[in-house]
Amino acid sequence: MHFIAKRPRRRHASSGTGLTHRMLGIWAGLSSAIVLMPILAIAWLAVSGGNADWPHLVENVVPRAVMRTLLLVALTGAFTALIGILTAWLAATCDFPMRRLLSAALVLPLAIPVYLAAYAFGEFLTFTGPVQGLVRALFGFQTSRDYWFPDVRSLGGAVLVMSSVLYPYIYLACRSMFLMQGRAAADVARTLGAGPVRVFLLVQVPMARPAIMIGLTLVAMETLNDIGAVEFLGVQTLTFSIYDTWLNRGSLAGAAQIACIMLVFVIGLMMIERAARRRQRFASHKTTAAVHDVVRVKLAGWKKWAATAVCLLPVLSGFGVPFLVLGNFALKRLDQFLAPRLLDAFLHSVLVSGLTALASVFLGFVLAYAARTGRSPITDVAGRLASFGYGVPGTVLAIGVLFPLAAIDNALDARMRAYFDVSTGLIMSGTGFAIIYACTVRFLTMAEGTLEAGFHKLSPHLDMAARALGRTSAQTLRTVLLPMMRPAVLTAALLVFIETMKELSATIMLRPFNFNTLATLVYEDASRARVEDASVAAIIIVVAGMVPVILVSRSLENRS
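Residues in the sequence shown are numbered consecutively from -6, following our numbering.
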């Protein structure tokens, strides 16, 4: 009798668990639908929007934009790979003056958005800038006709700017791989007579190839996403062509058709990145020697100072130049920190970034928790779809977000007019909600990845122990897991908040009238050749971006 009396409780617990799994599956499916809807909207708009502009785009816009995009991605990837691999190898395997400081400082350019770096380099290398001023002073030149100086507003200038601030993606991936490889493979190669350069080229670089591919994929995605730098530097990429076709030519269907071409690039990059991750798991197997066991090669003579210079120059170029140029302008305009225009933009940035962080962390937590409690086809597919948003450039997302939101607004307005004779206007597509939606889609995978990493640090036995003590799944989540996940939740929210504050591509296309964030305020001033006035908002963005970068730098310093 006693055994029979307890059986209903077991069925109830099982039913509750099943209900929890079903609810998680529903929420995971909803999260993937939120990401997938803009992509489907782009495809639908491209197919149904008509072909009136397509012949003109194919003949005059697309070929040049595709070629410029391919050149920009290829050259930026080559230079970032050269800088990132070399500096990572030096920082991980060699000992030279200022190594610990520089190994952490090499991450600092990540705090500089590409468009801010472009504005700063434009001022730094212009005729009235310090570089050309020094050239004229040294050689006695009087005017620009007396000498030749490369034009920063060119494809080469864009490669310089992007390589200066994007190389840390490859540096971080390769440095971790070089540290994990340990000294075993290098020592074996040296006993066979290979010198340091041959060991680097023939042993260590091939072993780090998966990490290099992941870093290159991230660099390519950031290059494709940029709109501010390429417009300022006069490089007609696919991203700029989408912006120009939509806003300047008034052809949303044409912009969607170019966006579909760009999605082909993105899908290819994501396939490469996934393949590289699979190879990385294989390559790192049985090479997990402790980082602290690494014995670095002590450089002497001119080699140690050359290594210091090689690691110092990227920091000066990617962080020093933008920070000093923009900081110098900002110091001369301290009164603008309290200007109503800047305060409104700051409040808008905080509001949009905060709501995006909340939405991204909530949806990311659902995906990560669903993966923890039990994998299913729904959660697996949802996780893959959710990760797709990060690779989609902001200009492409802007088109995909605007079309369905505008349709919802129009349908709602028609119903309200019919039944209540009241116009609701543009509630979603004409407000900051559109920006929040686009940024949530783009940065959801960042939140989900951070939270999933946090869950991996918690033993699954915690859930089983709580359930054995009579806690339900909801009680276990609320009283056991959530308190322990607080650091991961806060980290995810901080990362999404700061990335949203820096975001320009989607924001510039979706913002309502008279609605500026810090990023769009900088863009407006720079577009009017008033970079000095944009410096105050730019410095605020840089300082905010330094928070996660400093955390990464401290982590690198502790592991050195």
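A virtual CB, placed ideally from N, CA and C, is assigned to each residue, including glycine. Treat the numbers as computed from the prediction; the structure is a model and nothing was measured.
Residue closest to residue i, alpha-carbon to alpha-carbon, out of the options
i, options, result
"Phe316", "Ser157, Ala246 and Gly393", "Ser157"
"Ile76", "Leu455, Ile163, Leu118 and Ala407", "Ile163"
"Leu336", "Asn53, Ile533 and Arg92", "Ile533"
"Gly630", "Leu419, Arg410 and Tyr430", "What is shown of the chain runs -6 to 553, which leaves residue 630 out entirely."
"Gln329", "Ile78, Ala71, Val529 and Ala84", "Val529"
"Ser557", "Leu118, Ala151, Ala522 and Ser147", "Only positions -6 to 553 of the chain appear in the structure, and residue 557 is not among them; the question remains open."
"Glu517", "Ala407, Ala222 and Ala485", "Ala222"
"Leu63", "Asp456, Val107 and Val152", "Val152"
"Ala323", "Gly43, Ser96, Val536 and Leu17", "Val536"
"Gln125", "Tyr112, Tyr140 and Ala111", "Tyr140"
"Leu292", "Ala104, Ala446, Ala85 and Gly418", "Ala85"
"Gly320", "Ala246, Phe142, Tyr112 and Pro31", "Tyr112"
"Ser25", "Ala411, Leu356 and Leu451", "Leu356"
"Ile491", "Leu327, Ile207, Leu351 and Arg365", "Leu351"
"Gly347", "Pro386, Val489 and Asn53", "Val489"
Contact check, residue i vs residue j, beta carbons under 8 Å
i, j, result
"Ala363", "Ala21", "yes"
"Val345", "Ile235", "no"
"Ala361", "Leu437", "no"
"Leu38", "Phe396", "yes"
"Ala531", "Thr388", "no"
"Arg289", "Asp526", "no"
"Leu165", "Glu215", "no"
"Leu99", "Pro307", "yes"
"Ala246", "Phe171", "no"
"Leu50", "Ile251", "yes"
"Gly70", "Ala302", "no"
"Phe312", "Ile105", "yes"
"Val542", "Leu101", "yes"
"Ala485", "Val354", "yes"
"Leu148", "Arg15", "no"
"Thr349", "Thr493", "yes"
Enclosing alpha helix (DSSP H) for residue i [first to last residue]
i, result
"Asn321", "Val314 to Leu324"
"Ala113", "Val107 to Phe117"
"Trp298", "Trp295 to Val308"
"Lys450", "Element bounds for Lys450: n/a, residue is neither H nor E."
"Phe363", "The residue asked about is misnamed: residue 363 is Ala in this sequence, not Phe. Counting along the chain, the alpha helix (DSSP H) containing Ala363 begins and ends at Pro333 to Thr366."
"Gln559", "An answer regarding residue 559 cannot be provided, because it is not within the stretch -6 to 553 covered by the chain."
"Asn218", "Arg202 to Asn218"
"Gly70", "Val55 to Thr86"
"Ser96", "Arg92 to Ala98"
"Leu159", "Leu148 to Leu159"
Residue i classed as buried or exposed, judged by whether at least 16 other C-beta atoms fall within 10 angstroms
i, result
"Leu231", "buried"
"His(-5)", "Confidence is the limiting factor: at His(-5) the pLDDT is only 42, short of 50, which leaves the residue's position unreliable and the question unanswerable from this model."
"Val524", "buried"
"Lys325", "exposed"
"Ile19", "exposed"
"Tyr108", "buried"
"Met264", "exposed"
"Gln135", "exposed"
"Thr472", "exposed"
"Gly447", "buried"
"Leu211", "buried"
"Lys495", "buried"
"Leu217", "buried"
"Tyr412", "exposed"
"Ser41", "exposed"
For residue j and residue i, the rounded distance between their alpha carbons
i, j, result
"Val434", "Gly425", "14 Å"
"Gly261", "Ala375", "20 Å"
"Thr121", "Leu127", "10 Å"
"Ser277", "Pro203", "Residue placement at Ser277 is flagged as unreliable, the pLDDT there being 46, under the threshold of 50; the coordinate-derived value follows with that caveat. Roughly 9 Å separates the two Cα atoms."
"Asp414", "Gly423", "20 Å"
"Pro505", "Gln468", "42 Å"
"Arg4", "Val28", "Because Arg4 sits at a pLDDT of 40, beneath the cut-off of 50, its placement in the model cannot be relied upon, and the following sentence gives the value as read from the coordinates. For Arg4 and Val28, the distance between alpha carbons rounds to 36 Å."
"Val343", "Leu398", "23 Å"
"Leu503", "Ala379", "21 Å"
"Leu17", "Pro90", "53 Å"
"Glu266", "Phe258", "12 Å"
"Phe225", "Arg146", "7 Å"
"Gly115", "Asn403", "43 Å"
"Ala36", "Asp237", "19 Å"
"Met439", "Trp295", "42 Å"
"Arg57", "Ser96", "39 Å"
"Val196", "Thr73", "20 Å"
"Lys279", "Arg92", "A caution first: Lys279 carries a pLDDT of 46, below 50, which makes its placement in the model unreliable, though a value can still be read off. The straight-line gap from Cα to Cα measures roughly 28 Å."
"Asp144", "Ala110", "15 Å"
"Leu405", "Ser169", "52 Å"
Residue i beta carbon near the ligand FAD (any heavy atom closer than 7 Å)
i, result
"Cys432", "By its list of ligands, the structure shown contains no ligand whatsoever, and the ligand FAD lies outside what it can speak to."
Any chain D beta carbon closer than 8 Å to residue i
i, result
"Ala530", "Checking the listed chains, one finds no chain D in this structure; it contains a single protein chain."
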